[in-house]
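Worksheet for the structure shown next.
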Amino acid sequence: MAEPIPPASAPPGVAGAEVLVLVAHPELEQSRVNSRLLRDARALQAGDATRRYDVRDLYALYPDYLIDVAAEQQALAAARLVVWQQPVHWYGMPPLLKLWLDDVLAFGWAYGPGGTALRGKDLWLVATTGGPEDSYRPDSYNRYFFDAFLPPYEQTAALCGMRFLPPLLLHGAHKASDAEIANHAGAYTARLADYPRWPELAEVAECIACDVPLTARPMENLAEEAA
Amino acid sequence: MDPDSWLLGGLVYLGAAVIAVPVAKFLGLGSIIGYLGAGILIGPWGLKLVTDPKDMLHFAEFGVVLMLFLVGLELEPQRLWSLRKPIFGWGSLQLFGSAALLAAAAMAFGLDWRLAVVASFGLALSSTAIGLGVLAERNLMATSSGEGVLSVSLLQDIAAIPILALLPFLAVAAGTSDGGGWLGAAKAIGTIAIVILGGRLLLRPALRWVAKSDSPEIFTAASLLLVVASAALMDRVGLSMALGAFLAGVLLAESEYRRELETDIEPFKGLLLGLFFIAVGMSIDFAVVRERPFVIAAVVAGFLVVKAAVLWAMARAMPVPKPERPVFVILLAQGGEFGFVVFQTAAQAGVITAPVSSLLVAAVAISMLLTPLLLVAADRWLIPLLAGSKKARLAEISEPQHARVIIAGSGRYGQIVGRMLFANGITPTILDHDAEAIEGLRRFGWRAFYGDATRLDLMRTAGAAEASLLVLAIDDIEQSVDVARMVRENFPALTIVARARNVQHFYELHELGVAFIERETFDSALMSARSALEHLGWQPHQARNLALRFRRYNIAQLHQMAPHRKDEAKLMAAARQGRQQLEELFALERQQAAERQARAGWSAGAEPPATSGSS
Numbered sequence: 120m121a122e123p124i125p126p127a128s129a130p131p132g133v134a135g136a137e138v139l140v141l142v143a144h145p146e147l148e149q150s151r152v153n154s155r156l157l158r159d160a161r162a163l164q165a166g167d168a169t170r171r172y173d174v175r176d177l178y179a180l181y182p183d184y185l186i187d188v189a190a191e192q193q194a195l196a197a198a199r200l201v202v203w204q205q206p207v208h209w210y211g212m213p214p215l216l217k218l219w220l221d222d223v224l225a226f227g228w229a230y231g232p233g234g235t236a237l238r239g240k241d242l243w244l245v246a247t248t249g250g251p252e253d254s255y256r257p258d259s260y261n262r263y264f265f266d267a268f269l270p271p272y273e274q275t276a277a278l279c280g281m282r283f284l285p286p287l288l289l290h291g292a293h294k295a296s297d298a299e300i301a302n303h304a305g306a307y308t309a310r311l312a313d314y315p316r317w318p319e320l321a322e323v324a325e326c327i328a329c330d331v332p333l334t335a336r337p338m339e340n341l342a343e344e345a346a
Numbered sequence: 007m008d009p010d011s012w013l014l015g016g017l018v019y020l021g022a023a024v025i026a027v028p029v030a031k032f033l034g035l036g037s038i039i040g041y042l043g044a045g046i047l048i049g050p051w052g053l054k055l056v057t058d059p060k061d062m063l064h065f066a067e068f069g070v071v072l073m074l075f076l077v078g079l080e081l082e083p084q085r086l087w088s089l090r091k092p093i094f095g096w097g098s099l100q101l102f103g104s105a106a107l108l109a110a111a112a113m114a115f116g117l118d119w120r121l122a123v124v125a126s127f128g129l130a131l132s133s134t135a136i137g138l139g140v141l142a143e144r145n146l147m148a149t150s151s152g153e154g155v156l157s158v159s160l161l162q163d164i165a166a167i168p169i170l171a172l173l174p175f176l177a178v179a180a181g182t183s184d185g186g187g188w189l190g191a192a193k194a195i196g197t198i199a200i201v202i203l204g205g206r207l208l209l210r211p212a213l214r215w216v217a218k219s220d221s222p223e224i225f226t227a228a229s230l231l232l233v234v235a236s237a238a239l240m241d242r243v244g245l246s247m248a249l250g251a252f253l254a255g256v257l258l259a260e261s262e263y264r265r266e267l268e269t270d271i272e273p274f275k276g277l278l279l280g281l282f283f284i285a286v287g288m289s290i291d292f293a294v295v296r297e298r299p300f301v302i303a304a305v306v307a308g309f310l311v312v313k314a315a316v317l318w319a320m321a322r323a324m325p326v327p328k329p330e331r332p333v334f335v336i337l338l339a340q341g342g343e344f345g346f347v348v349f350q351t352a353a354q355a356g357v358i359t360a361p362v363s364s365l366l367v368a369a370v371a372i373s374m375l376l377t378p379l380l381l382v383a384a385d386r387w388l389i390p391l392l393a394g395s396k397k398a399r400l401a402e403i404s405e406p407q408h409a410r411v412i413i414a415g416s417g418r419y420g421q422i423v424g425r426m427l428f429a430n431g432i433t434p435t436i437l438d439h440d441a442e443a444i445e446g447l448r449r450f451g452w453r454a455f456y457g458d459a460t461r462l463d464l465m466r467t468a469g470a471a472e473a474s475l476l477v478l479a480i481d482d483i484e485q486s487v488d489v490a491r492m493v494r495e496n497f498p499a500l501t502i503v504a505r506a507r508n509v510q511h512f513y514e515l516h517e518l519g520v521a522f523i524e525r526e527t528f529d530s531a532l533m534s535a536r537s538a539l540e541h542l543g544w545q546p547h548q549a550r551n552l553a554l555r556f557r558r559y560n561i562a563q564l565h566q567m568a569p570h571r572k573d574e575a576k577l578m579a580a581a582r583q584g585r586q587q588l589e590e591l592f593a594l595e596r597q598q599a600a601e602r603q604a605r606a607g608w609s610a611g612a613e614p615p616a617t618s619g620s621s
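Chains as they are written, first to last, in my numbering: chain A, 120 to 346; chain B, 7 to 621.
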């Protein structure tokens with residue numbers, strides 16, 4: 120349901136931006152990689168006159184965890200590429216990004232009957248992990264290859280009719296050298312700037328249709344949706 | 007008094023008070039001087055409307071009794087207990103110190119030692135009525151000078167009893183003691199014990215029983231009865247009536263009826279106290295004054311100076327903050343109603359002669375008349391001077407400050423902001439105009455300065471040009487807006503975080519371009535609303551969500567209405583519409599939630615409604 124509340128606390132986004140970058144890091148002040156990525160994305164936005172980018176730092180916008188759903192849906196509506204830039208915490212997303220999903224990706228809007236607002240868009244996960252790449256192995260302390268933690272993301276995209284693009288990952292973010300971080304940030308912004316002219320996009324399958332039959336959910340209650 | 011004169015008396019007293027007090031207030035002299043003036047005017051030396059003021063003085067003394075009851079009501083037993091040192095320490099020092107100095111001076115002038123002792127004790131006593139009356143009028147009860155005045159007054163109330171009891175022994179012709187001294191003391195202690203015990207055990211149930219009768223006038227009657235009874239009981243065993251009433255007040259300070267008692271007694275106290283001052287005005291014997299004007303002037307000036315010197319030394323040692331000292335000294339320097347009694351008793355006992363007694367009574371009455379005048383003078387000239395010298399001493403802000411944050415106003419609001427910053431390693435520069443608060447803050451290591459934040463030069467010295475943030479927490483709306491305007495004009499780079507007392511204040515700051523404004527009670531009220539919802543069965547997290555959304559909506563409304571802020575009608579209409587919209591929105595959500603539950607086949611849970619989140 121659209122809120123009649125005018126966006127007083129809701130930040131005015133970049134209307135009609137094609138690339139929507141959602142940054143979620145609960146302790147940005149301690150971050151090396153994500154803060155750098157955010158800064159560079161911001162710089163990209165600032166240096167672009169065509170208003171192609173909208174970079175939204177969720178923890179700065181909603182420090183009280185009160186998400187302005189109308190403003191967020193409005194920002195999503197115009198975008199072609201949606202970026203989730205986040206550290207991986209406990210094998211998943213930071214809590215505010217999860218709350219953003221719960222609140223913003225509403226039944227009847229993002230999925231379910233009439234929920235076509237996101238159909239055809241691309242979702243790109245840009246994530247960092249504290250553990251090094253070789254810790255994500257059956258014989259190491261994370262016990263699974265990192266791919267094993269991605270299905271919730273992929274399926275979220277699929278349910279909304281979005282393509283899940285190959286994620287951009289930086290493992291071992293704590294120990295990354297300055298040069299590595301600079302490299303990584305460079306690759307990130309180059310990708311943002313080049314979209315949609317990515318060579319691998321041709322290989323990404325069109326999104327799977329996941330139509331939810333009406334009978335499957337008598338409940339609109341999002342809390343039940345997680346199951 | 008025959009019935010006619012009774013009516014006439016009422017007419018005269020009330021008429022004089024109703025005319026004289028507003029006039030005195032209008033002239034900036036305070037109500038006490040108005041009453042005193044009214045007394046002189048209608049008394050034997052004025053229009054002669056009343057010729058015998060003694061009876062009235064006696065009757066009106068009950069005003070002092072009621073006042074002490076009210077003072078007692080404000081003083082819980084623990085606080086009284088914590089005041090025991092000032093009462094017995096500083097109080098004794100004032101009484102015996104002043105009396106000793108006065109007696110020495112009197113004997114140096116060659117007076118008989120008996121006369122010297124009587125006069126010095128009589129003059130060393132101060133007027134509780136004036137002291138506490140002015141404290142209440144000026145709302146100074148909670149300050150250190152107020153506590154000082156209260157302590158000294160209480161000690162005098164206690165000490166007046168033995169003074170009166172011992173007077174006869176000074177008489178040359180007085181017979182030996184009748185041996186009743188010990189018995190009297192035992193009786194007195196026994197009575198105090200009875201009042202305390204009775205008060206603890208019986209008063210509250212009795213009041214509860216009376217309150218149950220549900221007739222307000224009976225409760226008022228019970229309140230008065232309570233005061234009269236405790237006063238009479240004390241009087242019976244030779245203790246001060248006022249002391250009894252005070253004790254009863256203290257015993258009820260913690261009871262649930264405290265406020266009711268206060269509101270019931272307050273008007274009686276005010277009127278009787280006024281009557282008391284009128285009676286004092288009437289009893290100034292201008293015949294004596296006319297006969298020996300220079301002697302009286304010398305006595306008044308002499309004892310005022312001696313007492314003031316003792317009090318000033320006490321104020322320095324206690325310490326009472328400098329700007330409060332004149333009030334402290336003036337409120338205790340004058341003679342008091344107990345002095346009248348002392349001199350009368352002494353004259354009856356033959357210790358002093360009747361002419362001397364009326365001379366001393368006149369001196370005391372004149373000193374009481376002088377007190378409000380001295381206060382006015384001190385307010386005009388002395389206190390600004392002291393505050394000024396204090397400012398100069400504290401505001402050595404000539405040394406420029408360089409903190410990142412300046413806090414203007416260190417009251418309840420600014421202090422919390424400051425503490426939070428301090429806890430996070432930022433030491434702000436604090437500006438305040440309350441010298442006492444500054445000294446307190448400095449003791450805790452704050453950089454606090456005396457200063458008027460509306461002054462450009464002071465703000466510059468405080469570092470406004472380089473600071474990045476000004477926390478504007480001044481509680482005076484006008485000053486707050488002045489500061490905001492001045493800062494916006496002269497330091498546009500300085501971000502302002504402001505406290506708004508109310509919506510209009512919010513708008514004024516908003517128009518000046520203040521970036522961050524919080525209405526001071528808004529968020530605490532929302533927290534209470536949350537608690538209320540939780541208590542009514544809402545889930546805590548849902549109550550939180552609702553409160554936060556209400557907050558966002560309300561702030562959005564506030565901004566929307568900003569253009570209409572000077573158009574009252576439009577503002578009201580917009581506010582009403584906003585409230586309606588929000589209520590409809592929340593109602594719609596409740597309904598949708600109920601429908602979802604129904605579709606899901608849940609048993610229709612009645613209250614509370616479980617709505618989903620904010621979507």
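Built from N, CA and C at the ideal position, the CB exists for glycine as well.
Proximity test, Cβ basis, 7 Å: residue i and chain A
i	result
L232 of chain B	no
L381 of chain B	no
L554 of chain B	yes
Helix, strand or coil at residue i according to DSSP, with G and I counted as helix
i	result
Y456 of chain B	strand
W12 of chain B	helix
F283 of chain A	strand
T435 of chain B	strand
L365 of chain B	helix
I48 of chain B	helix
A580 of chain B	helix
I186 of chain A	coil
G417 of chain B	coil
R175 of chain A	strand
Q205 of chain A	strand
T501 of chain B	strand
Short CB-CB distance (under 7 Å) between residue i and chain B
i	result
D183 of chain A	yes
P332 of chain A	no
Host alpha helix (DSSP H) of residue i (start-end)
i	result
V316 of chain B	299-323
L216 of chain A	214-223
V493 of chain B	483-496
W87 of chain B	83-88
V357 of chain B	Unbroken run through V357 of chain B: none, as it is neither H nor E.
D270 of chain B	264-288
Residue i to residue j span [Cα, whole Å]
i	j	result
F592 of chain B	L185 of chain A	16 Å
A225 of chain A	L237 of chain A	11 Å
V140 of chain B	N560 of chain B	44 Å
P614 of chain B	A312 of chain A	At P614 of chain B, the pLDDT of 45 sits below 50, so the modelled position is not reliable; the number obtained from the coordinates is stated separately. Rounded to the nearest angstrom, the two C-alpha atoms are 51 Å apart.
I432 of chain B	P546 of chain B	34 Å
Q587 of chain B	M578 of chain B	14 Å
A111 of chain B	F102 of chain B	14 Å
G40 of chain B	A575 of chain B	44 Å
A384 of chain B	T149 of chain B	18 Å
G287 of chain B	G15 of chain B	16 Å
Opening and closing residue of the beta strand (DSSP E) in which residue i lies
i	result
V56 of chain B	Here V56 of chain B belongs to no beta strand (DSSP E), and DSSP marks it neither H nor E.
L478 of chain B	475-478
V140 of chain A	138-142
A246 of chain A	241-247
E524 of chain B	522-525
beta-carbon residue i near the ligand FAD non-hydrogen atom, thresh 6 Å
i	result
I327 of chain A	Only the bare structure without any ligand can be found here, which leaves the ligand FAD out of the picture.
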